[in-house]
Amino acid sequence: MHSVDTGLLVMDFQTGIAETEAARPSIAAAAEALAKARAAGMAVFFVKVGFRPGHPEICPEGTQFSAIRAAGRLVEPDIIPEVAPLPSEPVVTKHRISALAETELPTLLRAQGVRHLVMAGISTSGVILSTTRAAADLDFRITILADAVHDPDPEIHAFLLERILPKQAMITTVAGFFGGA
1 MHSVDTGLLV
11 MDFQTGIAET
21 EAARPSIAAA
31 AEALAKARAA
41 GMAVFFVKVG
51 FRPGHPEICP
61 EGTQFSAIRA
71 AGRLVEPDII
81 PEVAPLPSEP
91 VVTKHRISAL
101 AETELPTLLR
111 AQGVRHLVMA
121 GISTSGVILS
131 TTRAAADLDF
141 RITILADAVH
151 DPDPEIHAFL
161 LERILPKQAM
171 ITTVAGFFGG
181 A
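Using my numbering, read the sequence shown as starting at 1 and increasing by one per residue.
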């Protein structure tokens with residue numbers, strides 16, 4: 001059984017991001033992690049990247065989100081049904097890559113007494129990397145569920161999970177963290 005200070009972060013499994021065939025295995029693993037976390041009574045938090053109509057949260061001058069603004073993408077997106085939140089589970093909308101940057105997530109985590117973050121998300125080079133870096137700076141313990149994260153670039157995904165992220169996080173699988181089926 002995992003400690004009561006542990007929370008599962010289900011990040012960016014949403015419309016406009018998670019609809020690729022290549023992401024299907026990580027979506028299935030995230031759904032399994034979600035079911036196991038709920039069964040264990042673990043706190044669960046959902047994070048999505050989204051913007052209001054007109055994208056007022058995006059600076060028009062050369063930011064990483066300029067293409068999203070120009071294309072009119074990610075306006076009030078939904079979390080995909082495979083990992084849908086329960087009414088009692090918080091959903092945080094972020095406007096940056098990290099789930100901890102300028103969001104209410106740190107407040108929610110503190111309120112629940114969460115000090116150990118277990119992460120699932122799309123993409124490894126985006127929300128997983130950025131949130132891991134920010135969480136490490138905030139002294140969270142971090143576990144990344146390698147089979148429940150995805151990146152469009154398999155080489156970057158493997159490099160991050162094997163070489164970069166282990167410096168700040170434990171890398172395991174859903175079965176490795178929660179136990180077998």
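Glycine residues also receive a C-beta, built at the ideal position from the N, C-alpha and C atoms.
- DSSP places Ile128 within a helical segment (H, G or I) once states are collapsed to three.
- Only residues of its own chain outside the window of five on either side were considered, and among them Phe178 have a CB closer than 6 Å to the CB of Lys36, listed in chain order.
- Look at Gln168 here: in three-state DSSP terms it is coil, with no helix or strand label.
- The C-alpha of Thr173 is placed about 18 Å away from the C-alpha of Phe13.
- Assignment of Gln64 by DSSP, reduced to helix, strand and coil, places it in the coil class.
- Straight-line measurement puts the Cα of Glu155 at about 30 Å from the Cα of Val91.
- CA-to-CA, the gap between Gly72 and Arg52 works out to about 10 Å.
- In the DSSP assignment, Ala146 falls within the beta strand (DSSP E) that extends over 141-150.
- Cβ neighbours of Ile171 within its own chain (closer than 7 Å, five residues either side excluded): Ile144, Ala146, Leu161, Leu165.
- With fewer than 16 other Cβ atoms from the protein chains shown falling within 10 Å of its own Cβ, Asp78 counts as exposed.
- Per DSSP, reduced to three states, the secondary structure at His116 is strand.
- In the DSSP assignment, Leu34 falls outside any beta strand (DSSP E) and lies within the alpha helix (DSSP H) extending over 24-39.
- Within the DSSP bridge table, the entry for Thr6 names His116 as partners.
- Counting every other CB atom within 10 Å of its CB across the protein chains shown gives Lys167 a total below 16, marking it as exposed.
- Here the segment 105-119 lies against the segment 32-49, with 3 or more beta-carbon pairs under 8 Å apart.
- Here DSSP, grouped into helix, strand and coil, assigns Gly176 to helix.
- Remark: C-beta atoms of His150 and Ser130 do not approach each other more closely than 8 Å.
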